[in-house]
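Chains as they are written, first to last, in the UniProt record's numbering: chain A, 1 to 344; chain B, 1 to 344; chain C, 1 to 344; chain D, 1 to 344.
Using N, Cα and C, we set each Cβ at its ideal position, and we do this for glycine too.
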């Protein structure tokens with residue numbers, strides 16, 4: 001029989017580390033979507049696409065504007081370097097495409113606000129910033145429990161993003177684009193604070209509004225990579241955000257976590273606390289050896305959040321095909337950058 | 001562009017609980033396979049397929065033999081009730097199809113041996129019994145560590161399969177077909193014993209042979225469902241298998257685990273122990289409430305092993321397309337039944 | 001001011017590994033007791049006592065009978081080698097002393113029954129076998145929950161005693177006295193089965209009677225110490241005990257646990273399970289290192305159960321001074337040996 | 001035999017919650033010390049002492065100065081309300097007694113410095129502030145590992161003190177004396193930062209000097225007890241301390257932790273992290289119930305740190321009797337207050 005399902009036709013812009021993953025997710029792991037096109041100006045990424053995308057019927061472009069004119073294209077996933085996020089997003093919207101843009105929209109607040117304005121001018125298009133943690137099963141359960149009031153009113157949020165140390169110095173190079181550790185790493189944690197603090201915690205009918213920022217402070221050190229200082233960046237940072245209405249979020253980011261990726265969050269309410277990943281582990285295996293009991297943890301962000309990225313692609317696809325609200329609202333993604341760009 | 005990939009054309013036999021899942025895995029989660037057909041004689045299952053399979057181009061059959069004649073069909077996944085596993089597997093092999101059969105091949109040892117004989121008569125066809133735990137990431141890591149010698153020689157294996165109590169009495173009904181708790185639940189644990197005890201534990205070049213059984217004993221009780229006794233079954237059972245060459249496996253199966261599914265395994269070697277799921281949890285969330293700290297565990301076998309089933313479909317597909325060895329050899333699957341059919 | 005408290009005057013027999021610890025507990029950690037005397041025929045132990053006991057006012061004896069005549073002596077803690085337990089216990093009772101005897105009473109069932117008879121002939125004296133796990137805080141909580149009915153009727157008990165491997169070969173030497181791994185190690189687990197299975201699980205008013213044994217089986221292997229075979233012993237053993245009234249206990253003992261001591265118990269009832277030490281650890285410290293996350297576990301039985309031994313001394317003292325029932329009844333300690341002496 | 005050991009003669013000042021515990025520790029759990037006297041002006045505490053201390057030979061005083069003249073008295077443990085700590089400590093020193101003073105020395109920095117000056121004027125007397133966490137086995141292991149260099153250079157320290165919510169409003173009353181949550185609760189965490197950041201982390205021969213404070217900030221909210229505001233206090237607070245030489249400590253304190261006491265600390269170095277109590281639990285028991293898996297945590301500070309308080313008494317006693325250095329130097333205890341008194 002011939003299939004009767006019509007699937008969302010998606011293109012991916014950028015096939016670097018995250019772009020290649022997004023391409024795979026839309027190609028193989030999002031049943032209601034099909035990957036029809038991809039853009040990259042990079043010869044190495046293009047060679048990868050020859051083997052991994054073209055045989056599956058994906059058309060490659062080395063010109064982004066041309067890709068936007070791919071026949072029947074409905075949506076674009078923007079996964080280029082951060083500095084191009086806003087431009088590609090705006091072009092796609094103006095070409096009438098729905099957009100899933102990797103976080104952050106930009107490290108420049110004015111750019112973010114431009115994206116917001118263009119998005120508002122096209123209310124029929126779905127525009128969403130990909131804050132992947134919001135699609136992780138454990139975070140989703142925590143959020144549902146918070147909304148249902150099981151911890152009372154959310155009051156304190158602690159969240160950290162800790163990467164395994166990469167001795168290659170990649171992140172020092174990357175520092176010139178990343179906007180600094182606070183906006184590059186803690187942007188996830190900031191987003192979580194906005195998400196949980198607007199969750200109400202008393203009933204689902206509470207109108208959800210973004211909490212208003214009262215103060216932001218951040219301090220940092222360069223423990224392993226003194227060269228980061230040249231870019232005004234650090235490899236370990238601590239930040240505190242006070243909100244009006246009696247809520248505080250505090251954050252930690254590190255580029256030198258020894259065993260791997262350890263991102264964790266606690267949402268502390270007046271009646272209880274939800275803890276996500278206090279006890280990190282890759283899976284369910286422990287080794288009992290003469291030197292003690294050992295377990296591994298994920299080696300990088302993707303190992304930890306692979307399924308969340310897949311779920312993100314699925315929910316974005318569903319929102320477009322079924323006309324629903326996108327799960328991450330664009331206003332809060334702009335607000336996250338606004339908090340994140342504070343100087344350390 | 002038109003896709004140039006040729007994918008494995010698979011049919012699923014039986015669309016009950018597990019059959020529907022297998023159908024989904026081949027349809028949506030195994031990129032190199034396509035689901036072309038499915039068989040079920042059941043009107044309810046057929047109605048489900050109208051909505052969930054036919055729109056994707058899957059042809060439905062209510063006659064198994066007819067389905068085997070579906071044009072271009074290459075492989076069959078047998079997921080009917082256990083009593084039909086062997087018959088459908090044999091028919092599929094004789095029709096020239098590769099087969100992935102749900103465990104166990106049969107609860108009748110003679111039937112299993114018939115499958116083995118037919119399979120051996122068709123050495124060009126891949127025939128594999130779906131022992132899903134062998135595809136779980138934590139078990140795979142444990143096996144790799146065992147093969148690499150990190151725990152010395154595997155000596156003792158403890159393994160349990162504990163289902164959440166189902167007050168509907170389903171498993172009492174099911175007892176007439178299941179072959180008893182030992183072969184129905186502990187068959188997974190028995191399979192693991194065969195897998196790990198043939199893993200060598202000294203080097204990868206060790207010729208892997210199945211361990212030989214010296215003695216088997218099992219005892220059981222009916223704690224919650226006295227009606228099980230009518231089928232000669234129990235709701236809690238303990239079994240011990242001695243092997244020649246100094247290895248012991250011991251098992252526990254229960255149908256009354258309060259919080260959900262808790263399957264766990266320890267592989268104990270002369271230099272260390274590997275523990276899979278000693279510390280069960282659904283994800284990475286814990287709730288700190290006035291009554292203490294709480295976490296959930298998976299509610300059923302599929303919640304625990306969903307990704308393993310997906311991986312099973314992928315590896316079976318790869319083995320067929322690439323001509324490799326199937327990851328679960330059929331001899332050991334027959335041996336598992338041989339151990340499991342011992343009377344309690 | 002002069003103290004007005006009268007304390008129990010205790011002597012310890014045997015100052016080997018456990019004897020020295022018992023002496024310390026009565027001397028320094030049992031406020032209502034005072035250690036007045038100790039017996040050892042061993043010059044090394046005597047030298048230790050010169051430094052550690054005599055300066056605190058403890059009188060040393062190298063003749064057990066003479067020690068029993070120490071003026072004012074009220075109770076004896078028997079901590080000699082197992083083969084002398086019964087003889088010293090009987091002599092102490094006959095001399096009118098209360099007795100706390102290290103487990104087991106004897107590895108010879110007839111000897112145990114003799115102790116029981118002598119004890120019954122002196123109903124005014126407290127005689128208790130030191131099953132230390134019954135005084136561990138986690139086991140005590142588990143027992144209280146079982147008695148209160150929180151897991152329904154206790155049905156299955158799994159328990160293990162796993163020692164760290166001692167390459168000195170000590171336990172091979174010791175095998176000639178120990179009575180075999182089942183009675184030496186699993187005697188604790190057997191005792192727990194008797195304790196929990198007589199706990200009722202419905203209400204505290206249930207008359208507590210010992211469960212009656214229906215069958216016992218045990219198998220074992222010598223994985224690391226083939227010389228154990230000369231003593232009919234093994235270094236890894238599995239045992240299963242069926243009780244009338246639908247209860248099963250199963251045990252594992254090992255002399256080769258790589259990281260240290262791992263004793264654990266699960267009490268499985270019709271409504272829930274209590275798990276003691278599924279997730280072993282020495283304390284609350286974990287190290288996050290490049291090789292993963294690590295934790296230590298206790299290196300020996302005493303590291304794990306030190307506080308239980310102290311509590312045992314305190315509760316024994318209280319029972320004598322206040323005239324209460326001893327927390328471990330002597331009948332069940334004899335029954336434990338009866339189960340434990342089964343041949344592997 | 002008559003004992004030949006000479007023990008340290010100690011008195012306790014104050015028999016409130018902590019004072020009574022200190023009295024017990026010196027009376028029953030510190031073999032080398034004897035409790036000879038105690039002071040309290042409170043009739044209820046005096047009644048308690050009649051039953052619990054006097055029968056053991058402890059002389060009671062309702063006048064502190066008179067107690068200091070108790071014949072043969074060598075040391076005083078000051079455990080009164082915080083506001084009297086400094087005065088009693090100074091008087092004891094001037095009377096020639098060694099002092100173990102409960103934390104903090106004072107909530108007034110000038111008072112602390114006066115204690116320091118008096119202490120320096122009596123170099124032959126041991127004066128120590130009782131920062132109990134430094135005597136907890138897990139913290140001691142973490143410190144030893146830090147000193148040995150196993151985590152490289154300690155760079156970031158995160159530490160929290162979270163009390164179970166006490167609906168009686170006690171801590172609101174107490175707020176007028178406590179000095180605020182930062183100096184009352186986080187003083188422990190601040191002390192840990194000073195301890196670990198002066199631990200070197202490269203070799204034991206590194207001269208240990210206190211890290212120098214660069215900046216301190218703290219913010220807080222009153223989530224459950226608005227009346228705290230009257231005392232300038234909060235029930236949840238977050239603080240960040242920057243040190244020169246690239247080290248940051250950040251703290252959280254809460255009076256509303258739902259399940260009980262949860263104090264935890266992470267010491268993050270350039271090569272690894274040590275985590276104390278990330279995974280809190282009372283003991284080794286978990287309940288597997290229909291509602292999930294549950295465990296309890298300590299209900300208050302003493303349940304968590306009882307053994308640390310005992311060890312503190314022992315080490316103080318040893319330092320006095322053997323003439324060693326006290327394990328907590330008085331300079332760092334003054335520095336902790338200096339950091340803690342910053343305004344929120």
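Secondary structure note for residue 54 of chain A: it is in no beta strand (DSSP E), with a DSSP letter that is neither H nor E. Counting only runs of at least 3 residues, the segment 176-243 of chain B fully encloses the following beta strand (DSSP E) elements, listed from N- to C-terminal order: 213-221, 236-243.
For residue 1 of chain C, the number of other beta carbons within 10 angstroms of its own is below 16, and it is reported as exposed. Between residue 131 of chain C and residue 276 of chain C, the beta carbon gap of about 14 Å keeps them out of contact (Cβ cut-off 8 Å). Around the beta carbon of residue 142 of chain B, 16 or more other beta carbons sit within 10 angstroms, so the residue counts as buried. In the DSSP annotation of this structure, the continuous segment of the alpha helix (DSSP H) that includes residue 110 of chain D starts and ends at 109-121. In chain order, 294 place their CB closer than 6 Å to the CB of residue 287 of chain A, counting only its own chain and leaving out the 5 sequence neighbours on each side. Interface residue (Cβ-Cβ distance to chain C less than 8 Å): residue 132 of chain D is not classified as such. Shown in chain order are the members of the segment 44-78 of chain D whose Cβ falls below 8 Å from a Cβ of chain C: 54, 55, 56, 57, 58, 59. Around the C-beta of residue 63 of chain D, fewer than 16 other C-beta atoms lie within 10 Å, and the residue is accordingly described as exposed. Going by DSSP, residue 332 of chain B is part of the alpha helix (DSSP H) stretching over 330-340.
In summary, residue 136 of chain B is buried, with 16 or more beta-carbon neighbours lying within 10 Å of its beta-carbon over all protein chains present. If you ignore the 5 residues before and after residue 56 of chain A, its C-beta comes within less than 7 Å of the C-beta of 27, all in its own chain and listed in chain order.
Here residue 261 of chain B is buried: its Cβ has 16 or more other Cβ atoms, across all protein chains shown, within 10 Å.
Spatial neighbours of residue 32 of chain D in its own chain (CB-CB distance under 8 Å, excluding positions within 5 residues in sequence) are listed in chain order as 5, 7, 8, 314, 317, 318, 321. Here the alpha carbons of residue 87 of chain B and residue 71 of chain B stand approximately 21 Å from one another. Nearest Cα to residue 220 of chain A within the set D:242, D:169, D:69: D:242. Interface annotation for the UniProt domain "GFO/IDH/MocA-like oxidoreductase" (140-274) of chain D against chain B: 164, 165, 257, 258, 259, 260, 262, criterion Cβ-Cβ distance under 9 Å.
Under the Cβ distance rule, residue 279 of chain D counts among the residues neighbouring chain A, one pair being separated by less than 8 Å.
Residue nearest to residue 90 of chain D within the set D:52, D:81, D:112 is D:112 (criterion: CA-CA distance).
The straight-line gap separating the alpha-carbon atoms of residue 82 of chain B and residue 184 of chain B is approximately 10 Å.
Against chain C, a Cβ distance below 7 Å from residue 13 of chain D picks out nothing, because the smallest value is about 18 Å. For residue 93 of chain B, the enclosing alpha helix (DSSP H) begins and ends at 82-94.
Taking the beta carbon of residue 25 of chain A as reference, no residue of chain B falls within 7 Å; the closest one sits roughly 11 Å away. When DSSP states are grouped into helix, strand and coil, residue 63 of chain A belongs to the coil group. Only exposed fits residue 121 of chain A, as fewer than 16 other CB atoms lie within 10 angstroms of its CB. For residue 313 of chain C, none of the residues of chain D pass the 7 Å Cβ criterion, the least Cβ distance being about 13 Å. For the options D:161, D:172, D:250, D:178, the alpha carbon positioned closest to that of residue 193 of chain D is the one of D:250. In this structure, the beta-carbon distance from residue 248 of chain D to residue 238 of chain A falls below 8 Å.
For residue 134 of chain B, same chain residues with a beta-carbon under 7 Å away, outside a window of 5 residues either side, are 195, 327, 328 in chain order. Taking C-alpha positions only, residue 306 of chain A is separated from residue 214 of chain C by approximately 52 Å.
Taking residue 274 of chain D as reference, the option from D:105, D:158, D:21, D:282 with the minimal CA-CA separation is D:158. A Cβ-Cβ separation of about 18 Å leaves residue 16 of chain B out of contact with residue 187 of chain B under the 8 Å criterion. Residue 330 of chain A does not reach chain C, its nearest Cβ partner there being about 36 Å away, counting only Cβ pairs nearer than 9 Å.
With fewer than 16 neighbouring CB atoms inside 10 Å of its own CB, residue 44 of chain A falls in the exposed class.
Distance from the CA of residue 289 of chain A to the CA of residue 198 of chain B, rounded to the nearest whole angstrom, comes to 21 Å.
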